[in-house]
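Novice:
Residue numbers (my numbering): 6 to 354.
#1: Please confirm if the segment 121-134 is in contact with the segment 275-289, defined as three or more CB-CB distances below 8 Å between the two stretches.
#2: In its own chain, which residues sit with a C-beta less than 7 Å from the C-beta of residue 52, not counting the 5 before and 5 after it?
#3: Quick one: Cα of residue 288 to Cα of residue 163, how far?
#4: Nearest-angstrom Cα distance between residue 326 and residue 314?
#5: Do residue 206 and residue 29 come within 7 Å of each other at the CB atom, strictly closer than that value?
#6: Bridge partners of residue 240, per DSSP?
#7: My assumption, with CB atoms under 8 Å, is that residue 263 sits in contact with residue 165. Please give the rounded CB distance.
#8: Quick one: which unbroken alpha helix (DSSP H) runs of 4-plus residues sit fully inside the segment 81-129? Chain order, please.
#9: Give the single residue among 224, 245, 76 whose Cα lies nearest to the Cα of residue 316.
#10: Tell me which same chain residues have a C-beta within less than 7 Å of the C-beta of residue 307, skipping the five on either side of it?
#11: Is the beta carbon of residue 367 sitting closer than 7 Å to the one on residue 200?
#12: So the candidates are 303, 232, 290; which of them puts its Cα closest to the Cα of residue 140?
#13: Less than 7 Å between the C-beta atoms of residue 34 and residue 77, yes or no?
#14: Contact check, residue 271 vs residue 169 under 8 Å by CB: the rounded distance?
#15: In chain order, what residues of the same chain have a beta carbon less than 7 Å from the beta carbon of residue 303, not counting five sequence neighbours either side?
#16: Among 54, 257, 218, which one has its Cα closest to the Cα of residue 15?
#17: What are the boundary residues of the alpha helix (DSSP H) that includes residue 174?
#18: Considering only C-alpha positions, which residue in the set 237, 114, 242 is nearest to residue 254?
#19: Using the three-state DSSP reduction, which class does residue 235 fall into: helix, strand or coil?
#20: Of the residues 221, 158, 112, which one's Cα is nearest the Cα of residue 309?
#21: Taking residue 322 as the reference, which of 136, 247, 299 has the closest Cα?
#22: Is the distance from the Cβ of residue 75 to the Cβ of residue 41 below 7 Å?
#23: Taking 7 Å as the threshold (C-beta atoms), are residue 150 and residue 249 in contact?
#24: Please name the residue, chosen from 17, 294, 242, that lies closest to residue 127 on a Cα-to-Cα basis.
#25: How far does the alpha helix (DSSP H) with residue 43 in it reach, from first residue to last?
#26: Going by beta-carbon coordinates alone, are residue 145 and residue 252 separated by less than 7 Å?
#27: Using DSSP with H/G/I as helix, E/B as strand and the rest coil, what is residue 280?
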């Protein structure tokens, strides 16, 4: 990479990080209001089938929808007057009403206009924990810890394709390694290990740089850094309570394991295809399939840290770690078998 390219990438990095930080400064109450309005609209659409039914008549599902409308209106008022405790209580009441709706006749006809069972469970877990702990609802801009989580959540969605591009030319580049040109060849395995360590250090450095830069921006605004023990929700076969710092740790752990997996997948595919472009296409197509068929490819959703940690893939964090570690071991075995069997492997090793 030339010096000019590095400068351009550095400028882009700081522009993107500054933009993300500025977006995070929007009050959380605005986001909650938008969410409330969207859910109110869904209930309004669901009630269209009952537009000619008097409010004191109609079936149990109709009455349930009216109860949801009432709860959403009180939720909106709580946000208007910034009454955090009332909002928490009303949201818990709303989750109970929604759970009841899922058991009523006719609910299948309005499923698309209701929150999923998992979303309801997530809300119930989070808001009940807030009430029990006495922690207030965050209505202002994101705390520093939650800002980092938001950034990692966004990055977690694109992490595997990004790492596929970063690792696309592993074997191709090693064929032109400087040690070969200098007449001091190292084995392919040694060169790949050095490459892996180098990229790991670069990624770690970028993470530290990102957190450091955001910390500087946070201190400039005078918002403080907040409490890293604040309540967060993660998925462990069911939604459970954790802390901000633990959730950040989960993202970093999964990010590193996915990077390691991508490194090995690219090495194996490079050996087979001998083409970096084909390698990237295969990896990105595989990643696209898990979004198109998440139920059928449940185990493959570990390629996206955000899906696992946020509970969208129905694979728990512990299961995800085991799947990734198991896949890494299998790929290491496949890679060494390739070295033994392929002529290219023997030549460059």
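Each residue gets a CB set at the ideal place from its N, CA and C atoms; glycine is no exception.
Specialist: So, from the listed chains and residues:
#1: no
#2: 70
#3: Roughly 12 Å separates the two Cα atoms.
#4: 11 Å
#5: no
#6: Paired residues: 244.
#7: 6 Å
#8: List check, alpha helix (DSSP H) in window: 89-106.
#9: 245
#10: 313, 320, 325, 328, 329
#11: There is no way to answer for residue 367, as the model of the chain reaches only from 6 to 354.
#12: 232
#13: no
#14: 7 Å
#15: 318, 319, 320
#16: 218
#17: It is not in any alpha helix (DSSP H) - residue 174 carries neither H nor E in the DSSP assignment.
#18: Nearest C-alpha to residue 254: 237.
#19: Per DSSP, reduced to three states, the secondary structure at residue 235 is coil, with no helix or strand assignment.
#20: 158
#21: 247
#22: no
#23: yes
#24: Checking every option, the nearest Cα to that of residue 127 belongs to 242.
#25: 33-51
#26: no
#27: The answer is coil: DSSP assigns residue 280 none of H, G, I, E or B.
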